[in-house]
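Each remark here refers to the structure printed beneath this line.
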Amino acid sequence: MSHKHFIAAGVLGLFSAASQAQDLTVTLTNLTQGIHFTPVIAASHDMSASIFHVAQAASAELTALAEGGSIADMSILLSNAGADVIENPASGLLAAAQMTRFNLTNSSGNDYLSIAAMMLPTNDGFVGLDSWKIPSEAGTYTVYLNAYDAGTEANNELVIAGSGASGTPGIPAAPGGDAGTNGTGVSDAESNTNIHIHRGVLGDTDDNGGASDLDSRVHRWLNPVAKLTVVVQ
Amino acid sequence: MLKFTKLAIATFGAIALVACDDNNDSSALIPAADITQEYQVTVSNLTNAQPFSPLTVLLHDTDQIWTIGQSASDELEQIAESGNNSALMDSSFVLESASNGAVLPHGQTATVTISNDSESKYLSLVTMLVNTNDAFSGLNKIDISQLAVNQSLQYSPGAYDAGTEGNSEAAGTVPGPADGGEGFNASRDDVNIVTMHSGIISRDDGLVDSVLNNEHKFDNPVMAVTITRMK
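Here you go:
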């Protein structure tokens, strides 16, 4: 069993009581050109806890995060599961091409790192990392993160004030001030109600109409959408 | 949780096996000749609206399923244009083949179990994204020869273009439920090399003749795959 396979498989750790607390310095960089990240939540936890798993339905806590950028309920969920939680390290929005850095000391047994933040302007898109095994060896590790669709809201791509509440259709804000108005709506149904890779936004080039309030020249992205650097002391 | 339990057993090898596993002794950690190999391949479809054709899982010692920049084999073209995997599964280089035998919808997960009574060096996986002209995804010639029992490998493959059919997205050319159009056609009216896929355009994005809409767009990765050696 080579070390390479441990990393590739993301294994280790059921019998994690033997593991030691580690000091981590985590840097998250928004790699997009026109997308803001809402307040970031990060946590080290054991394998019983998570922020999300792909191909599974979003929790109410993740729905609130992905539709409205609210991390309060997710923080409670993680804390109740014994996780070490970091809230809002960027002190607000993390704009395109900006980075935030924070320190995290994981408790013994909390060997997995998860991160999430809503992507604005999207309906229920979020950048995420699910249960990345924190290496036991000191070093600098890089992970690229993808954009996910929570599967909880149709991607109508309409900017509607107050739509950050779970179950209220719409994009709550376009922080760059670069969205249009009076769109007719891109999609009124959610094809995939489980968490999946975001197909991207459509957008259009009509600031005062068209199907989408988003600008296809500004608000599109391709994976990966974030770079994570983890320094294990 | 079952998956994680098995992964963890692999991590702590002999101790865990003695403590927890009544089917194997610690010698099972070292693959020996002439024992049955068994692998579980678990695939999650991460696309928004691209069902996968029945999964094709292969064990082989030679060959690969595709090569970027080279023409797709006829067997791969069959899968990429129509989802029909029978020709590839019957290929002479294939030692063992297995399939879940059903379409894997977006957002869903399926597991294929494949076994062989002798050592196999490589495992491959192929499936079509059926609401496309000729997009496929999978794993190409993964070396599993060093994988110990209960150990896993994880992958997040992207989408490839077989290059055997132009991406017209036109009505009558897409076999999936978005169209119900033609599957395999032996004529090769595209670049005739395998590349990464450039994505769906759709009529919502200005391709007026496209039968696809914004729901069918995708970004990479399109699937999450875990290979776990069971025996």
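From first to last, the protein sequence lines are chains E and S.
Numbering follows this note's numbering, in which position 129 of the first sequence is assigned residue number 115; successive positions increment by one, without gaps.
Each position in the second sequence, counted from 1, maps to that position plus 284 in this note's numbering.
We treat Cβ as the ideally placed atom computed from N, Cα and C, and that holds for glycine.
As the structure is a prediction and not an experimental result, all values here were calculated from the model.
For this session: Please classify residue 408 of chain S: does DSSP put it in a helix, a strand, or coil?
Result: Reduced to three states, the DSSP call for residue 408 of chain S is strand.
Candidates S:499, S:362, S:421 and S:502, of which the one nearest residue 467 of chain S by Cα: For the set S:499, S:362, S:421 and S:502, the Cα lying nearest the Cα of residue 467 of chain S is the one of S:362.
query = Nearest-angstrom Cα distance between residue 95 of chain E and residue 30 of chain E?
reply = Cα to Cα, the separation comes out at about 9 Å.
Point to revise | Rounded Cβ spacing between residue 505 of chain S and residue 442 of chain S (contact assumed at less than 8 Å) | key: With a beta-carbon spacing of about 5 Å, residue 505 of chain S and residue 442 of chain S fall inside the 8 Å limit used to define contacts.
- Query: What do you reckon, are the CB atoms on residue 210 of chain E and residue 131 of chain E nearer than 8 Å?
  - Reply: A contact, by the Cβ cut-off of 8 Å.
Three-way DSSP call (helix, strand, coil) for residue 480 of chain S in this model = The answer is strand: DSSP assigns residue 480 of chain S an E or B state.
Self-check item: Coarse secondary structure for residue 143 of chain E, derived from DSSP in three states
Solution: Coil at residue 143 of chain E, not helix or strand.
>> Would the segment 157 to 165 of chain E count as touching the segment 188 to 201 of chain E if we require 3 or more Cβ pairs under 8 Å?
In response: Under the three-pair Cβ rule at 8 Å, the segment 157 to 165 of chain E counts as touching the segment 188 to 201 of chain E.
(message) Assuming contact is defined by CB atoms lying nearer than 8 Å, are residue 57 of chain E and residue 107 of chain E in contact in what I supplied?
(response) No, the Cβ-Cβ distance between residue 57 of chain E and residue 107 of chain E is not below 8 Å.
Any Cβ of chain E within less than 8 Å of the Cβ of residue 390 of chain S?
-> Interface residue, yes.
Segment limits, alpha helix (DSSP H) that includes residue 49 of chain E: Per DSSP, residue 49 of chain E is one residue of the alpha helix (DSSP H) stretching across 46 to 54.
Any beta carbon of chain E sitting closer than 8 Å to that of residue 489 of chain S?
The beta carbon of residue 489 of chain S falls within 8 Å of a beta carbon belonging to chain E, placing the residue at that interface.
Residue range of the unbroken beta strand (DSSP E) whose run includes residue 90 of chain E: Membership of residue 90 of chain E in the beta strand (DSSP E) is indicated by the continuous run 85 to 92.
Please report the distance separating the alpha-carbon of residue 429 of chain S from that of residue 500 of chain S. So the two alpha carbons sit approximately 37 Å from each other.
Helix, strand or coil at residue 355 of chain S [DSSP, three-state]: Three-state result, residue 355 of chain S: coil.
Supposed close pair residue 182 of chain E, residue 40 of chain E - CB separation, criterion 8 Å:
About 7 Å; that satisfies the 8 Å criterion.
Would you give the residue range spanned by the beta strand (DSSP E) that residue 105 of chain E belongs to? Start and end: 98 to 106.
Self-check item: Span separating the alpha-carbon of residue 345 of chain S from that of residue 403 of chain S
Solution: If you draw a straight line from the Cα of residue 345 of chain S to the Cα of residue 403 of chain S, it comes to about 9 Å.
Examine chain S for any beta-carbon lying closer than 8 Å to the beta-carbon of residue 26 of chain E, and answer yes or no. By this cut-off, residue 26 of chain E is not an interface position.
Problem set entry | Residue span of the alpha helix (DSSP H) that contains residue 61 of chain E, given as start and end | Here the alpha helix (DSSP H) through residue 61 of chain E covers 58 to 66.
In this structure, does DSSP put residue 272 of chain S in helix, strand or coil?
The requested residue 272 of chain S does not occur in the structure, where chain S is confined to residues 285 to 515.
At which residue ranges does the segment 360 to 396 of chain S contain complete alpha helix (DSSP H) runs of 4 or more residues, listed in the order of the chain?
Those alpha helix (DSSP H) runs which fall completely within the segment 360 to 396 of chain S and span 4+ residues are 370 to 373.
Next on the checklist: Under DSSP, the beta strand (DSSP E) around residue 114 of chain E begins and ends at which residues?
Outcome noted: 111 to 119 is the extent of the beta strand (DSSP E) around residue 114 of chain E.
>> Helix, strand or coil, according to DSSP, for residue 9 of chain E in the structure here?
In response: Residue 9 of chain E: strand per DSSP, three-state reduction.
Report yes or no: is there a C-beta of chain E within less than 8 Å of the C-beta of residue 501 of chain S? Residue 501 of chain S counts as touching chain E.
Query raised in the report: Quick one: which chain S residues come within Cβ less than 8 Å of residue 41 of chain E?
Result: Within chain S, the residues near residue 41 of chain E are 328, 329, 330, 391, 392, 393 and 508.
Check: Does the beta carbon of residue 100 of chain E sit closer than 8 Å to a beta carbon anywhere in chain S?
Finding: It does not; no Cβ of chain S falls within 8 Å.
TODO: Identify every residue that forms a DSSP beta bridge with residue 514 of chain S.
DONE: According to DSSP, residue pairing for residue 514 of chain S in a beta bridge does not occur.
| message | By alpha-carbon positions, which one of E:208, E:170, E:11 and E:8 ends up nearest to residue 192 of chain E? | response | Ranking the options by Cα distance to residue 192 of chain E, first place goes to E:170.
Q: Would you please verify whether the beta carbon of residue 504 of chain S is less than 8 Å from any beta carbon of chain E?
A: Closer than 8 Å: yes.
Check your understanding: Below 8 Å between beta carbons: does that hold for residue 447 of chain S and residue 478 of chain S?
Key -> It is a contact, given that the beta carbons lie within the stated cut-off.
Among E:46, E:217, E:23 and E:142, which has the Cα closest to the Cα of residue 85 of chain E?
-> The option with the nearest alpha carbon to residue 85 of chain E is E:23.
When Cβ atoms are compared, which residues of the segment 117 to 131 of chain E fall closer than 8 Å to chain S?
Along the segment 117 to 131 of chain E, there is no position whose C-beta sits under 8 Å from a C-beta of chain S.
Between which two residues does the beta strand (DSSP E) holding residue 438 of chain S run?
It spans 436 to 439 - the beta strand (DSSP E) in which residue 438 of chain S sits, taken as one unbroken run.
**OP:** Identify the contact partners of residue 498 of chain S in chain E, using a Cβ-Cβ distance below 7 Å as the criterion.
**Re:** Residues of chain E passing the Cβ test: 172, 173 and 188.
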